[in-house]
Structure formats: C-alpha cells, structure tokens
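Undergrad: Take this structure, written in structure tokens, and hold onto it; I'll ask about it next.
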Amino acid sequence: MRRYQRRALFGGSIFLTVMVLATFGFAVVSIVRAYVDNERRELEIEGRKIISEFVKAEIAVRSSVHLAEMVWNQTPPAAADAVARFHESGGRLVQQPASGTSALIVGRPAADIARSDLERFIALANYAADTTAATVTAQGFAFSAYLYTPQHDLAALVPVKWPDEAQLDAALADRAALFDALTRNADGPIEPVAITDPSGLRAARWTGPYRNPLTGLPATRLSTYALDAGGKPFAVFVYEAPLALTTRLLSIDHFGGTFAITDHAGMLVAAGKGGADRPEVLAAVQEPGAGSGPGIAFRRAANGVHVVSAPIGLTGWRLSYAYTWGDVLAGVWPQIRWTPVVTLGLIALLWSLLWWYNKRVFAPMLERSERAAEIEHLNRLLIETAPVGLGVIDAHSGRPMLRSPAMVDVAGNVVTEAPSLSAEIVRRFASGGGDGPMHGDIALPTRDGSHVDLAVRLTQARYQNADVLVAAFTDVTDKKRTEQALREAKQAADAARRAADEANRAKSTFLATMSHEIRTPLNAILGNLELVRRMALPPQAEERLQVVGASSNALLGIISDVLDFSKIEAGHMAIESIPFDPAAVVAEVAAIFAPVAQEKGLQFDCIVERDHLASHYLGDPTRIRQIAANLLSNAVKFTDAGDVLIEIYAKEDAAAQPGIVIGVSDSGIGMSEEQQARLFEPFAQADSTITRRFGGSGLGLALCRRLVALMGGSIELRSAPGDGSQFTVRLPLAPCAAPLPAADAADNAIADATSNTVASPGLKVLAVDDQAPNRELIRMQLETLGYQVDLAGNGSEALRRFNEGSYDLLLTDLSMPGMDGCALARCLREQGVGVPIVAMTAHAEVEEHRRCTEAGIDAVLVKPVLLDTLDRTLRRLLRAEAPATARAASGEGIGAGRLPEKVRAALFDSTHGLLASLRAAAEPPVPEALLRDLHALRGMFAMIRETGVVESCAHLEQQVKRDDLEELPAALERLATLAQETLARRSV
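The numbering used here puts the first residue of the sequence shown at 99, with every later residue one more than the last.
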C-alpha cells in the first residue's frame, strides 16, 4: 500500500516537473532565436554604416585627386629657388605652404629628373599639402597623404603628425628602402592594376596594414592614379587611414561579438574592441574560404565560432562579425536571468507542496492504519512475554481478556474468594472505589499453605469496545522478607552504635581521668627531682637522680604518646590554626637533639631554606614540633655513625597550593621493604630486636602519620638496609602575615632589657591545689624561684584569701572538687581582679586551653611543670626580672655565658679540626669539601647562639657557591680568628 501510494504521488510530481522544464526550454529557445534575428538586422545596418565610411573615404580621395589633376595641368611651375634648395639638400626639400601643413619632397638617388618636371612636382606637392589639410578639416578624416611619380623617382609626403629630426634622418638614410616602403607591400606595387574600375570610376585600391616609414604609425592605404590632360598617369596618390581609426569604426558596444576586416587574401586588417583577447574568433574570421561573393555570407567555423561576413564595396575586403554561443548567452541573459529562478521556484514549490501533502495527509493516514495493527500485535507480544503478572481484565465480569504466563502461574497457585485471580483483583479494586489508578500490596494464601505478597497496580482503559482494567503485579514476597531482615539488622546496628557511643564516652572519660591521674603524680615526681638536683649531693647520688629523671621523662613521653594516640583514635584530637614560624620550631627541635647527636659522634645538620620559606604560616606549632621531635629522635637513636640531617623548605603541591616540607634523614641501620610496610602501625617496630636493642613503644611513627593526616598532609619513607632512612613530611600550610608582637615577645624583651637591673621586691603568689603533695611542691618551686607563697586547698578558700589579702599572681589547678580553676578565675574577673592568673592542668587538649582563655586565665601550664617553664611564665606575666635567688639557682645553659666544660672541650676540638680541614680544602679549592665543613662549623656555633660566627660561615658558603675563590684564604683566616675569640670568650 505504501509503495503504490508513493508511485502515484511521486510519478505525477515528476511529470509536472518535466513539463515545467520543457516550458522553460521552449521560452529560452524563443528568446535566443529572437535575439539572433535582431542581431542580424542590426548587423546589416551597422555593416552598411561601416561600408559607407569606406565609400565616403574613396569619394573624398577621388575629389582630391581630380583637383590635383587640374592643378597639374594649369598651375605654373614652382619658384626656381625651391629647385635649387632641393638639389642643395641632396634631393630633399621641406615645403610649408599657406595652409601650414608641411610637405617633404624626396628624390631617388641618381635619378635623372628634368627641371621642368621637378618644378611642376614641387608645385603639386604644395597643392597636395593644402588640399590634405582642407580635406581633413572638411571630411573629418585624420589621415596622411603622399604621392609619387609612376617612375618612382620623386615622392612628396604630407604626414598629419610631422616626425622629429631623428625619425626624419633615419627614414632618409636609405632612400631606396624608403621608396620601396612607400610604393610596395608584401604583394607587390600598391597602385591599382587598372586606371578605372568596372563601374567606370577612377580605380582605387585598399591595401593592408603597414607602418609609415616617417612616423612609425600603423595605417591602411588607399591608392589611385592622377592623370594629365592626355589621360596619362603623372602621379600615384596614396592616402593613409590610421589603423586606430579603422578599429574604432569596428568597436560597436551593443554587439556581443567581434567585428573584423580581412583583405582579399583573407588576412586580418583590423579587429574591433576585444578582438586581441579572443584568438579563437580571429582564427575563425581568417579561416580559408571564410567568405566570397557579393552578398552576406553566414557560416560556422571549424572551432564552433559563427561568422557573418559581407564585401566592403569594390575594395576586395570583407567586413566580418564573429560570435560564440557564449556571446549569445551574454546577450540574452538580461532577458532570461529570472526565467531559471522562476522555473526552479515553481519546481521547489511543487515539491514542497508534494512533501507537505505527503507528510500531513497521506503519511499520517497510512501510519494510523499501520499503527493500529502494530499496536495490537505489540500489546499481545508484550503481555505474552512479560516476566511479571500482566493482563487485561473485563471490568464488569472479571474475565481475563489477555494474560501473561506469569499471571497464569500465580492464578493457578493462589487461593482466592472470587472464582479467579482476575475476579479477585476486580473485587478488591471495586471495594477500593475511585476512577483513577490504584496501587497497593495484597497478600494471598497459596495452595501449599504459605502465602504470596503481590504489588498490584491497576488503571482503567477501553479495549475492543469494552471497559477494562489493565493490571500489573510483581511478586514481592522476597522483598518483604528482606525489608523485615533489614529492619531487624538496623535495630541491632542502632543498638551497637549506641553501645559504641557509650564506649567512646567512657573512653573519653577514662582518657581525661588517666591524663589527670597519671600526670599529677608525675608532676610531683619530676618537680621534686628537679628540686633535689639543685641541692649539694654526692656524685653517686647525682648520677642516680639523673637516671631517675631520665626514666621519668621517658615515662612521661610514653604516656603522652599513648594518650594522644587514643585521642586521635576516638576522634577527639583538635588541630590548631594559628600564625607561627615553622623554621623556628624546627630550629628549636634541632637544638634539643644536637648535643645528643654530638655525644654519639654524629655529624648533625639543620638546614633552613629561608629564600622561599615565608616568615609565618597558619598551623599547629605544637603538633609540628611533636612530629619533628619524634622523627629526629628516631634518626639519632638508630644511627651509630655517620650523619643526621633535619631540613625545612617551602614547596607547592601538584595543585599549586602552598605548603612546607620537613625532611629528616640519617645514615643509620635502614629498613627493608617488609619492615617499612608495618612501620607506621601502632606498637610496631621494624623487627622484634628493635625494642631490646634501642627501646621504644612503637607509637611514635604511628602517631606522626595520624597527626600529619589530621593536618591534611602526607609522610613518605625511603630506606634500604644499611643505607639509612629518609622521612619526608609534606604539610599544606598557607602563608600568613606575621602577627603583632605578642605578649611573650614583649615580656621576654623586657626581661632581657632588665636582666642587669636591681631585683624587684619580693612578689606574692597565691597557689591553689586540692592535693597536699602538689601544694607542697608548688610552694618549694616558687620559693626556689624567690617568690613569697600562700597556699589554698580549694577554690572557695582561694577566693576568701583574695578578698582578705593582696597578691601579685594566682597559680591554680584546674581539676578541683567544688569550685574548679575556671570557676575561680571567672569569679575573680567578675569582681574586677586584674592580676595574672596561671592554670596548671594534666589535660593538653586544645579545647581545655580555649576554655581557660574564655574564663580569663592568662596562661596554661601542662603538668609536669618544671622550674624553667614556671620561671619564664611568671616573669612574662609579672613584667619583672626574676628574683635574685631565682637567678642564683638557675641552671647552666649553652645559649649564653660560660660553656660547660665538656661542651667547651668538644667545641674546641671540633673547631680546630674543621678549620684545618677548611685550610686544606682551600688550596687547591675543593668546593664540595668547603661547603660541607662550613655547614658543619655553622651548625656548631648556631647551637651556642653565636650569630657572628654563624653569619660569617653563611657568607663564605655563598662565596663558594658563586665560585668567588680568590679571597677565600684570607676570609678563612678571619673566620678562624673570630671562632677562636668566641670560644675564648665563652670559656670564662
């Protein structure tokens, strides 16, 4: 059906298209025919005009010659002086009669010319000059003229354009050639063959183009005889028409083709405008047998060009008009240019209407009929192949009209109140009421005693002129069972989560309690050990106290690591984000471990790249210090010989985000890949012998990895057995502006500035703690530092003492029964008390410090609190110099003053050795050795805070890197002198 419809529709359209195209062709042919006929008519008119111009020229020439004959027969001879000048000039004479047109008379060399003939010829030349000027004026022909005797011994030339002297001399240099050019052409003599033509008129002959020997201009020539009274020729008159004039006559703009003139031999004389650019047209005009006979000839040349030609009077020349079909098309195009557009428009409109009619009428009708059959077939296929229960049910009787196999299976397995499953579904739908779609779950018993759950969806429709219900259901029995199992599992998971939350809360409480309960007795132990060490003791007792102190500090480190790790595991570890100087943090850690490394004989270096490192970053300095200390401690511990290096520099990550890198490397025992795989696990060592050989809990690196992860960074390890290890920590920290001078810096500056002034009067401190041993320890520490101390056992007592007396500072424990340290601080601040308040706590969490700040507490000290820490804190807050007794009791240090004997001796030996090595490496220069020894020397003096030597070493390192080695020996001597003077100064 669709094929027949398309044949009829498109066949008729093709027929109409052919008819339109045929009409277009007929119209074009008619227009072309009319154009060609019109061209021929106009061509005949223009041809006559051109021929008449040639006839007009012949008439003018015959008139001039007739008058010349009268002059020849009647005019007296020329003056005798003209003949004399002719002979004097070597047979040449220029005459200029009254008309102003000059004439040149030339004689052939060695010609025997009678004087009377010469005189008459000169007179005739004067007349010819006058008549030529008059003819040009009267007839409008711009032509030259010349005449010569039949014997070719005299010639007179009257050019319209007079040649210059150079042209004249060149033409007269060869008289024979000049006479040949004037009297002959390629075919022979140019004069007419006969005196008269067949019509009885004086014969005139046209000859093809030649170049005038005087002016060099191309021209065509018309020649005729002049007769004397006896009818004998006495001269041949020749008139020249410029070739440009002939071409201008042929350049007719309203013709599309090309005009041309050919001579009696078929050679081209002149062509109209554009002829030079159309060689195929000129070839057709000159084709042999191009035209003959007196009438107009029409022919088609071998190259397809059409030629129309006609003779030009009695000249023997032919006027031709050549055109191509392209010329015809160009001529008719203005008439037919809209015809193709209209034709194509009609065809496009025809096919557009056809397409629209086919799309809007024929195709929809056919598609509707086909779709109806396809839908019916598809519906049956869908229902018959559906993997779910699907059917069409009569809405009134419940009879299934179409059913899927799944619906048949379920209907045969369930037990229903209605006669069939379909009727049961209709009954339940009727009981549900409503006309819209219905969906719900129904449970039906099965014949085997179990039940099945069905998710049913119904909607109303029309099928075979009856009201029907389209029913679809799926067996959701397994889904129901799974949902029940998930509900039970969720309840169990909720219970487990609640138990885990309770366990976490219990763990947090346990951690807080353990932190307080363990750090509190450790505070008492370490504090008392510090006080006892300040007493005068026997050497053996001092050594034992050092062992006890070292063990207590190790125990404190292990407890801190365990508590920190537990807080991270419980998700209670908070990371600060405050401005700090990471270079200063790393330098402090390096200063702590440098003596230990030197005591083991290790080369210890700390490198800080200040060129790209910002002065301050946002981060947690405490945790970064903890990471650096753990890594550096391991490096020193596991290295028996060689070197240990810690460095810090700035580096962007792959996303061009700023950050810092801390690297710690050593030349220690190294690790295999298997050992590295479990290194960062908690309580794990590289192997089982590590704990026995070096000690440690195995928590340090695990804690480092978790702290780095909390800060969004990464830690990497490269190691090999026997080659040492390299740890690289990358932290994404953002640079920030340096903070305003903090109270610490200001107070330290004040303390430094007043270090040599008179001690302030005794300051009074109120110390509060609920534990009697702690109170006693605090009292002894404060009295050792030179302060007056009052004690209070709880917050209420401390509040009463403040109201009764006056104190310069309050030192309180935080965890006390009743009124704790924060509550005490808030009460005092509310009463307007402005003295500094220092809290001591066993909790190191950031939240604890923040809570203290909000309560008005000025400083928080984490137990155990040692004398140096307590002294620095109190001095900072009290804005005063330490009491004199405290200065007397302060311990030795290497940052200032006299160096300890062991440190001084080690520095002296190392300095002496390094200076000797530097002198040897300077001559000849060995840059690698120089940089290594200068770096080592700078690190040694940096530990004892001697910036002068440090800066000199740094300057020399830059000098070596720039390869500026000429002044190096002298600079090394200055450095040696400075180092020795510094050591001597620090020895007294």
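By construction, the Cβ of each residue, glycine as well, lies at the ideal position given by its N, Cα and C atoms.
Here's the rule I'm using: 16 or more other beta-carbon atoms within 10 Å means buried, otherwise exposed. How should residue 738 be labelled?
TA: Position 640 of the sequence shown, counting from 1, holds the residue named residue 738. Residue 738 is exposed by the Cβ-count criterion.
Undergrad: Contact check, residue 290 vs residue 303 under 8 angstroms by CB: the rounded distance?
TA: Locating residue 290 in the sequence shown gives position 192, counting from the first residue. Locating residue 303 in the sequence shown gives position 205, counting from the first residue. Sure, about 4 angstroms apart at Cβ, within 8 angstroms.
Undergrad: State the start and end residues of the unbroken beta strand (DSSP E) segment that holds residue 740.
TA: On the sequence shown, residue 740 is found 642 positions in, with the first residue counted as 1. Careful: residue 740 lies outside any beta strand (DSSP E) and carries neither H nor E.
Undergrad: If you scan the region 858-924 from start to end, which runs of the alpha helix (DSSP H) of 4 or more residues do you find wholly inside it?
TA: Within the region 858-924, the complete alpha helix (DSSP H) runs of at least 4 residues are 870-882 and 893-902.
Undergrad: If you draw a straight line from the C-alpha of residue 84 to the C-alpha of residue 356, how long is it?
TA: Absent from the structure is residue 84, since the part of the chain shown begins at 99 and ends at 1086.
Undergrad: Whole angstroms is fine: what's the gap from residue 203's alpha carbon to residue 276's?
TA: Translated into the one-based positions of the sequence shown, residue 203 becomes position 105. Translated into the one-based positions of the sequence shown, residue 276 becomes position 178. In a straight line, the C-alpha of residue 203 is about 12 angstroms away from that of residue 276.
Undergrad: Quick one: what's residue 491 bridged to in DSSP?
TA: Position 393 of the sequence shown, counted from the first residue, corresponds to residue 491. Paired residue(s): 498 and 567.
Undergrad: What residues in its chain sit with their C-beta under 8 angstroms from that of residue 904, if we drop five residues either side in the sequence?
TA: Translated into the one-based positions of the sequence shown, residue 904 becomes position 806. Contacts found: 862.
Undergrad: Among 915, 1071 and 1061, which residue has its Cα nearest to the Cα of residue 1050?
TA: To locate residue 1050, count along the sequence shown from 1; it is residue 952. Checking every option, the nearest Cα to that of residue 1050 belongs to 1071.
Undergrad: Under 8 angstroms by Cβ, that's how I've got residue 900 and residue 936 pegged, so tell me the actual separation to the nearest angstrom.
TA: The residue you call residue 900 lines up with position 802 of the sequence shown. The residue you call residue 936 lines up with position 838 of the sequence shown. Residue 900 to residue 936, Cβ: 14 angstroms. No contact.
Undergrad: Buried or exposed for residue 726, going by 16 or more other Cβ atoms inside 10 Å?
TA: Your numbering for residue 726 matches position 628 in the sequence shown. It is buried - the Cβ of residue 726 has at least 16 other Cβ atoms within 10 Å.
Undergrad: Residues in the same chain with beta-carbon distance under 7 angstroms from residue 540, minus the five sequence neighbours each way, listed in chain order, please.
TA: Your numbering for residue 540 matches position 442 in the sequence shown. Excluding positions up to five away in sequence, the list reads 526, 552 and 554.
Undergrad: Could you check where the beta strand (DSSP E) with residue 1083 kicks off and where it finishes?
TA: Sequence index remark: in the sequence shown, residue 1083 carries index 985 (1-based). Note, residue 1083: premise wrong, no beta strand (DSSP E); alpha helix (DSSP H) at 1066-1083.
Undergrad: Please name the residue in 427, 369 and 167 whose C-alpha comes closest to that of residue 132.
TA: Taking the first residue of the sequence shown as 1, we reach residue 132 at position 34. For residue 132, the nearest C-alpha among the options comes from 427.
Undergrad: For residue 987 and residue 971, I'd like the C-alpha separation in whole angstroms.
TA: Taking the first residue of the sequence shown as position 1, residue 987 is located at position 889. Taking the first residue of the sequence shown as position 1, residue 971 is located at position 873. Residue placement at residue 987 is flagged as unreliable, the pLDDT there being 37, under the threshold of 50; the coordinate-derived value follows with that caveat. Roughly 17 angstroms separates the two Cα atoms.
Undergrad: Since residue 808 and residue 762 are thought to touch, with beta carbons under 8 angstroms apart, how far apart are those beta carbons, to the nearest angstrom?
TA: Stepping through the sequence shown from its first residue, residue 808 is reached at position 710. Stepping through the sequence shown from its first residue, residue 762 is reached at position 664. With 8 angstroms as the limit, residue 808 and residue 762 do not qualify as a contact, their Cβ atoms being about 19 angstroms apart.
Undergrad: What does the Cβ neighbour count give for residue 794, buried or exposed, with the cut at 16 atoms within 10 Å?
TA: Sequence index remark: in the sequence shown, residue 794 carries index 696 (1-based). Annotation note: pLDDT 49 at residue 794 (below 50); position unreliable, no value reported.
Undergrad: For residue 249 and residue 399, I'd like the C-alpha separation in whole angstroms.
TA: In the sequence shown, the residue the question calls residue 249 occupies position 151. In the sequence shown, the residue the question calls residue 399 occupies position 301. In a straight line, the C-alpha of residue 249 is about 45 angstroms away from that of residue 399.
Undergrad: Should the region 182-192 be regarded as contacting the region 145-162, the criterion being three or more beta carbon pairs within less than 8 angstroms?
TA: no
Undergrad: What span of residues does the alpha helix (DSSP H) with residue 478 cover, start to end?
TA: Your numbering for residue 478 matches position 380 in the sequence shown. Here the alpha helix (DSSP H) through residue 478 covers 461-483.
Undergrad: Go to residue 366, then tell me how far its alpha helix (DSSP H) extends in each direction, as first and last residue.
TA: Translated into the one-based positions of the sequence shown, residue 366 becomes position 268. Taken as a continuous stretch (DSSP letters only), residue 366 belongs to no alpha helix (DSSP H), being part of the beta strand (DSSP E) at 366-369.
Undergrad: Have a look at 255, 365 and 313 and flag the residue whose alpha-carbon is nearest the alpha-carbon of residue 230.
TA: On the sequence shown, position 132 is the one that residue 230 refers to. That would be 255, whose Cα lies nearest to the Cα of residue 230.
Undergrad: Exposed or buried, residue 955, counting other C-beta atoms within 10 Å across all chains shown (16 or more means buried)?
TA: Locating residue 955 in the sequence shown gives position 857, counting from the first residue. Buried: at least 16 other Cβ atoms inside 10 Å.
Undergrad: For the structure I just gave you, are there three or more beta carbon pairs, one from the region 151-169 and one from the region 221-229, closer than 8 angstroms?
TA: They touch, by the three-pair rule.
Undergrad: Counting Cβ pairs closer than 8 angstroms, one from the region 376-384 and one from the region 316-330, do we hit at least three?
TA: no
Undergrad: Are there 16 or more other CB atoms within 10 angstroms of the CB of residue 1101, so buried, or fewer, so exposed?
TA: There is no way to answer for residue 1101, as the model of the chain reaches only from 99 to 1086.
Undergrad: Would you tell me roughly how many angstroms separate the C-alpha atoms of residue 566 and residue 481, rounded to the nearest one?
TA: Taking the first residue of the sequence shown as 1, we reach residue 566 at position 468. Taking the first residue of the sequence shown as 1, we reach residue 481 at position 383. Spanning the two alpha carbons is a distance of roughly 15 angstroms.
Undergrad: Could you say which of 505, 445, 488 and 312 lies nearest to residue 116 if we only look at CA atoms?
TA: Walking along the sequence shown from the start, residue 116 turns up at place 18. Checked all of 505, 445, 488 and 312; the closest Cα to residue 116 is 445.
Undergrad: Please classify residue 189 as buried or exposed, where buried requires at least 16 other C-beta atoms within 10 Å of its C-beta.
TA: The count along the sequence shown starts at 1 and reaches residue 189 at position 91. Buried, by the Cβ-count rule.
Undergrad: Anyone know if the C-beta pair for residue 906 and residue 934 falls short of 9 angstroms?
TA: In the sequence shown, counting from the first residue as 1, residue 906 sits at position 808. In the sequence shown, counting from the first residue as 1, residue 934 sits at position 836. The answer is yes: Cβ separation under 9 angstroms.
Undergrad: Using only alpha-carbon positions, find the residue among 1066, 1022 and 806 that is nearest to residue 1032.
TA: The sequence position of residue 1032 within the sequence shown is 934, counting from 1. For residue 1032, the nearest C-alpha among the options comes from 1066.
Undergrad: Have a look at the DSSP bridge pairing and note the partners of residue 543.
TA: Within the sequence shown, residue 543 is the residue found at index 445, counting from 1. Residue 543 pairs with 549.
Undergrad: Can you grab the Cα-Cα spacing for the pair residue 590 / residue 914, in whole Å?
TA: The count along the sequence shown starts at 1 and reaches residue 590 at position 492. The count along the sequence shown starts at 1 and reaches residue 914 at position 816. If you take the alpha carbons of residue 590 and residue 914, they lie about 40 angstroms apart.
Undergrad: Judging by CA-CA distance, which residue of 1020, 1078 and 745 is the nearest neighbour of residue 824?
TA: Taking the first residue of the sequence shown as 1, we reach residue 824 at position 726. Closest in alpha carbon position to residue 824, among 1020, 1078 and 745, is 745.
Undergrad: Which residues in the same chain as residue 927 place their Cβ atom closer than 6 angstroms to its Cβ, once the five residues preceding and following it in sequence are excluded?
TA: Taking the first residue of the sequence shown as position 1, residue 927 is located at position 829. The residues are 954.
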